[in-house]
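Notes follow once the structure below has been shown.
Number of protein chains: 2
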Amino acid sequence: MYSADMFESAELGHKLDHATYARHVKTVRPDLLDAQYDLLANKSFPVIVLINGVDGAGKGETVNLLNEWLDPRHVRSVAFGTPTEQGLERAPMWRFWRALPAKGKIGILFGNWYTDPINGRVEHRLSRTELPGAIERLRRFERLLTDDGALLVKLWFHLSKKAMKKRLEELESNKLTRWRVTKADWQNCSKYDQYAKVSERVLRETSTGDAPWVVIDGSDPNYRAITAAKTLLGAIQGRLAEAKANGVEAKRAARRQRSGSSEAATSNMPVFETVDTSRILRDLPFEERLSKGKYETKIVRAQGTLAKLTRTDKMAAHSVVVVFEGNDAAGKGGAIRRVTQALDARLYDVIPIAAPTEEERAQPYLWRFWQHVPRRGRFTVFDRSWYGRVLVERVEGFATMAAWTRAYAEINDFEEQLTEAGTIIVKVWLAVTKEEQLRRFKEREHTKFKQYKITPDDWRNRKKWDEYILAGSDMIDRTSTSFAPWHVIEANDKHLARVRVIEAITARMEAAFKK
Amino acid sequence: MYSADMFESAELGHKLDHATYARHVKTVRPDLLDAQYDLLANKSFPVIVLINGVDGAGKGETVNLLNEWLDPRHVRSVAFGTPTEQGLERAPMWRFWRALPAKGKIGILFGNWYTDPINGRVEHRLSRTELPGAIERLRRFERLLTDDGALLVKLWFHLSKKAMKKRLEELESNKLTRWRVTKADWQNCSKYDQYAKVSERVLRETSTGDAPWVVIDGSDPNYRAITAAKTLLGAIQGRLAEAKANGVEAKRAARRQRSGSSEAATSNMPVFETVDTSRILRDLPFEERLSKGKYETKIVRAQGTLAKLTRTDKMAAHSVVVVFEGNDAAGKGGAIRRVTQALDARLYDVIPIAAPTEEERAQPYLWRFWQHVPRRGRFTVFDRSWYGRVLVERVEGFATMAAWTRAYAEINDFEEQLTEAGTIIVKVWLAVTKEEQLRRFKEREHTKFKQYKITPDDWRNRKKWDEYILAGSDMIDRTSTSFAPWHVIEANDKHLARVRVIEAITARMEAAFKK
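Laid out in C-alpha cells, this is it:
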C-alpha cells in the first residue's frame, strides 16, 4: 500500500553542468557563511542537520562539503555507527543527546536516530507491529527538539536501484576507488526494495510541519551539492527572519510582564484546575514517629538489604536512579547519606542539581540529565532533578507555561526510555509541614556549620509555600507512572523518613529483579 | 630493606573520647566550611584529596564525613573500581584526568592512580623491575598537577594486621553489619604483609615536598575523623595564605610587564640558546612542485592505502591521532579534508582547537586534550593541538616561561602514555615561506567565502614571524621522540603537501601494524 511517490521525483536525473554549478557556488557559499555567522550572533536556536539515505548517494561527500563551505569551528559533525559497548549500556537515545549542538551552532548528524529503526525493520529485528511505536517515538523526540526551538533540517539522499548499482560498479572498476566499496554496500544494494519500502513509510510518517524531510536526487554531485546547501541556507535564513520578528514580540511581552499587566500575570496559571491535587501533599500522617532505639535497628537492617541487593548478579542488567525532591529543609541530604552509606563507594554517584550553567542553558532542559544517566551496574542519586522544570521553574516563571506544561509528557517519555533500558527509577518526595520547616530554618541559622544551608532564597521560596505545594501536587499527579511512581514520604520525623526512603528503594529493586 | 617505620606511628592506637571529639568538631567543622568558601572565592587552585589505605580503616566513612562537613555542592567525589571496558580502551590515566576538580573546587578521589600499581605488584601483574618505572610515572604526573598549582592532600588510612582482622570479625559477627564484609576484604587481609611492604615503598617514594603522604591511624573513628579533617583544613588554609601573598607579588610583576621594564621583557626569552634550531623550519625545499596530473593519481592512491589500513583487523588494537600544526595559511584545512575523505565518516573526529573556554582554563592545559583521546579503533585529527602551549602561548606571553618550558616534558609524557595504550601519533608541521603566506593572506581577503579565514590576529601573528619560527623549531627539537616524531612538510605547493601528509600517516600506521 505504500507507493514510492516520495522518491519518484528524486529519480528524474537532475543535473547541473559545471558552469551553472560554479555560478551557484559563487552566491550560495558566501551566503551560507553569512547565515552561519548570523545564527552564531543570534544564539537563539541550534541547527540540527540529519544526513540519511541510500549508500552511494553522496552522504559522506555532503558532510565534507558542508564542512568546507561553513566555518568548521562552529560545526560539529558526528557520525554514529553501530552502538559501542558504552552505548548499549544505556538507553539508545543517550548517545544522540550527547551529540546535540548548542544554540547558535550547527550539528551534522550522520547515521542518526533513523538508522536503527529502518535497518532494524529491514533486518527483521523490529516486527511489523513494533514499527509504528518506533516511529511515534522519533516524532515525539523531534517534537521535543522543535518545541525547544531547534531547527531540524532532514536531508534524505536518494538513488534509484539502477543508479545505486551503477555507482557501486563504477567505483569498483577503478583500482583507485575500489576501497570505497565495502561488502556491506553490496548487501544493502541487494535489499534495495525492502529498504525503499521501509524508508518511504518512515519518511512519510516523520515528515511533520515543523520537521519535514527533503529528498535529494543523489545521482549528480553538482546538483546534489547545490540542493543540499540551498536547503540548509533557506531553512536557516527563514528561521532567523522569524526569530528577529519574534524577538521584538518577546521583548514587548517581557515589558508587559515587568509592568505587571494582567495578561502576563495569567500566563503562569495552571491550565488543569478541575481537581485540587494539592491534597496529595497536605493530607499526610505527619505526626507519626519512630523511637531512636527502633530507628537504629531498622536503618541498619534496611541498609543491609540494600547493600545485598546491589551485590547480586541481577544488578549487572540494571542501573538505579534515585530522585530526591521535596520541601526545602525536608532532610534530603541526611536521607541521601543514609542511602550511600550502604553502597560501595565505587558504585554510586550523587549529582546535586543547581541552576543550569550557560552551557546547559544552550540545550533542551533534559540534556544535562542525560549526561548523568548511569550505565548498567551503577547507582545514581539526584539531589533535585529534571523536576525543577515543573517546580521552581514553573513557580518562579523561569519557564513559560507552554514549556512546563509540555514537560510532564517529555519527562514521562524520558523515564520510560530509561526503564526500558533496565534502569530502576525511584522517585522520592520528602514532605514536611510549614511549621516544621520554620523550626528547621531557625535551627540552621543558629548552628554555625549549617548556616550555608539557609539562604535568602529559602525564605523567599517559603513565602510561595502554597504555589510550591500546588506545583508539587500537579507533578506527582501527572508523572506517577506505572514504571516510575512517586513515593511521597512524610518527613517531620527524620528517622522515619530515612528508613522509608531506603525501604522504597529496596522494594523497587526487588520487584525489578524478580521479573 | 624496607622498614615499616612509616606505618608504625599509625599503630599506636590513638583514641579520642566523645567529649574531646565533640569539642574538636565544634571548631573544625565550621572552619572547614569557611576554608572551602574562601577557596571557592579565590578560585586560584583545585584541591585534590586522595583517599587510600587498608580495607576497614575507614576510607569510605571518611569520604562520607567530608561530604557531610563540607558543602557538597562544591565537592566532587569519584570512586574508581577496576577499569571498565571504556577505561581499558584508552591510556590508563584517561579516567583520572576526567575526574580532576576545577580551580576553586575540591575533588575526592577514592581508588585512584595508586591503586593499580600497588595491587598490581602484590598480585604480580607488575614485576619487581617494573615497579620503579610505575612509581616514577606517578611522581611525574603529580608534579604536573602541583606545578600547575593543584593542592594535593594524600591521606593513607592505616590499620595493623591485628586491628584489620579484628575489625572484619566484628563486622561479620553482627547480623546487621555482616554485608559490609566481602570476600575480597578477607583476601586482602590474608595478603596483609605483601600489601604493607609494597605500600610502604610506594608511599615513601611518592612522598614529595609538594605532595607528601599523611598516614592516619584508622582504628578509632573519632581520632580518624578529626585527623583527616584537620589535615585537609590545614593544607587549604596554608595554601590560601600563600596564594594571598603571591597574588600581591603577581600583580606587581604584571604591572612591571605592562610598563615594559627589562625584567619582564627577558622573562619570556628561551633558556636554551646553545644551538640555533630554527634552521629546521627555514632550510626546506620549498621550490618542489607536483603537477596537477600527477597529484590526482597520487592523492587517490594514498587515500586508497589509508582507507585500506583503517579497515584492517589491526586497527581494533590501535587508535590514530593526527596533529596538525604549522604557519597560518599553510593549508591545514585542505590537508585535513584530503585525509578525512579517505575515512569512513563513522570512524573519525576532527577537533579544532581554539582559545580555551573558562571551564578549560580552570584545569591543567593538557586536560582538554585528554577529553578527546580516542578509544581503540578510532581516528582523531587535531586542527592545532596541545602544542599551542609552546607556540602561541609562549610567543604571546599567555603562559609563563616556567609553564611553557616544563610543557615539553609534560607533552612527551602524555604522548608516551598514549603510545603505550596503542595510539599511533602522527605529528605534522606544514611550513610555508613568509612570501607565500603573504600571497595567501591577500588572496583570502579577496575571496568572499575565504574572508572568515583571515582576521586581524593573522596579521598580528605575521609580524612575529621570527618568534613563531623559533618557537616552532624549539618545539620540533624537543618533542620529536622515537614514539612520536615530527613530520616537517614544505607546503608552498599544496598538492605536494597533501600527498606527503597522507603518506606520513600511512607509513606510521604500517610500521605500527607490523609490530
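These protein sequence lines are chains R and S, in that order. Using numbering that gives the first Met the number 0, you'd call the opening residue of the first sequence number 0 and step up by one each time. Using numbering that gives the first Met the number 0, you'd call the opening residue of the second sequence number 0 and step up by one each time. Each residue gets a CB set at the ideal place from its N, CA and C atoms; glycine is no exception. Quick caveat, the model's predicted, so the values are computed rather than measured.
- Within chain S, Tyr451 and Lys452 have C-beta atoms less than 9 Å from the C-beta of Asp70 (chain R), given in sequence order.
- For the region 460-494 of chain R, the beta-carbon criterion of a distance under 8 Å to any beta-carbon of chain S is satisfied by none of its residues.
- Of the other Cβ atoms in all chains shown, 16 or more fall within 10 Å of the Cβ of Pro116 (chain R); this residue is therefore buried.
- Annotation for Thr81 (chain S): no alpha helix (DSSP H) segment contains it, and DSSP assigns it neither H nor E.
- DSSP places Trp369 (chain R) in the uninterrupted alpha helix (DSSP H) bounded by Trp366 to Trp369.
- Residue contact check for Asp382 (chain R) against chain S: a CB pair falls below 9 Å.
- Within the model, the alpha-carbon separation for Phe482 (chain R) versus Gly303 (chain R) is close to 25 Å.
- The continuous alpha helix (DSSP H) containing Thr339 (chain S) extends over residues Lys331 to Thr339.
- By alpha-carbon distance to Thr145 (chain S), the top candidate from S:Ile47, S:Phe6 and S:Arg367 is S:Ile47.
- Taking a C-beta cut-off of 7 Å against chain R, the contacting residues of the region 24-40 of chain S are Arg28, Pro29 and Leu32, listed in chain order.
- For Thr339 (chain S), the chain R residues whose Cβ falls inside 8 Å of its Cβ are Asn63, in order along the chain.
- Under the three-state reduction of DSSP output, Asp312 (chain S) falls in the helix class.
- Going by beta carbons, Ile410 (chain R) and Trp385 (chain R) fall inside the 9 Å limit.
- Between Val201 (chain S) and chain R, the shortest Cβ-Cβ separation is not below 9 Å.
- Bounds of the alpha helix (DSSP H) holding Tyr407 (chain S) are Met400 to Glu419.
- Here the alpha carbon of Arg497 (chain R) sits roughly 8 Å from the alpha carbon of Gly333 (chain R).
- Comparing C-alpha distances from Thr446 (chain R) to each of S:Leu32, S:Leu11 and S:Asn111 shows the shortest one belongs to S:Leu32.
- Taking 9 Å as the cut-off between beta carbons, the residues of the region 177-202 of chain S near chain R are Arg177, Trp178, Arg179 and Thr181, in sequence order.
- Each of R:Ala315, R:Asp473 and R:Trp212 was checked against the Cα of Ile279 (chain R), and the nearest Cα belongs to R:Asp473.
- Distance between Phe44 (chain S) and Asn245 (chain S), taken at the CA atoms: about 13 Å.
- Per the coordinates, the alpha-carbon of Asn187 (chain S) lies some 37 Å from the alpha-carbon of Gly330 (chain R).
- For Tyr347 (chain S), the nearest beta carbon of chain R is closer than 9 Å to its own beta carbon.
- Asp476 (chain S) and Gln193 (chain R) have their C-alpha atoms some 58 Å from each other.
- Between the alpha carbons of Glu324 (chain R) and Arg443 (chain S) lies a distance of about 56 Å.
- For the region 283-316 of chain R, residues whose beta-carbon sits nearer than 7 Å to a beta-carbon of chain S comprise Val299, Arg300, Gly303, Ala306 and Lys307.
- With contacts defined by Cβ atoms closer than 9 Å, Trp369 (chain S) and Arg97 (chain S) form a contacting pair.
- For Val389 (chain S), the closest Cβ of chain R is not nearer than 9 Å.
- Interface residue (Cβ-Cβ distance to chain S less than 9 Å): Phe140 (chain R) is not classified as such.
- Around Pro351 (chain S), the beta-carbon contacts reaching into chain R at under 8 Å are Pro71 and Arg72.
- Contact between Val62 (chain R) and His157 (chain R) is absent: CB atoms are separated by about 17 Å, not below the 8 Å threshold.
- The region 211-231 of chain S and the region 170-185 of chain S do not touch, with fewer than three beta-carbon pairs separated by less than 8 Å.
- In the structure shown, the three-state DSSP call for Ala56 (chain R) is coil.
- Each of S:Ala162, S:Trp68 and S:Asn118 was checked against the Cα of Leu11 (chain S), and the nearest Cα belongs to S:Ala162.
- A contact is defined here as three or more CB-CB pairs under 8 Å, and the region 70-84 of chain S meets this definition with respect to the region 100-117 of chain S.
- Contact between the region 390-403 of chain R and the region 281-295 of chain R is absent: fewer than 3 CB-CB pairs across the two stretches fall below 8 Å.
- The C-beta of Leu175 (chain R) comes closer than 9 Å to at least one C-beta of chain S.
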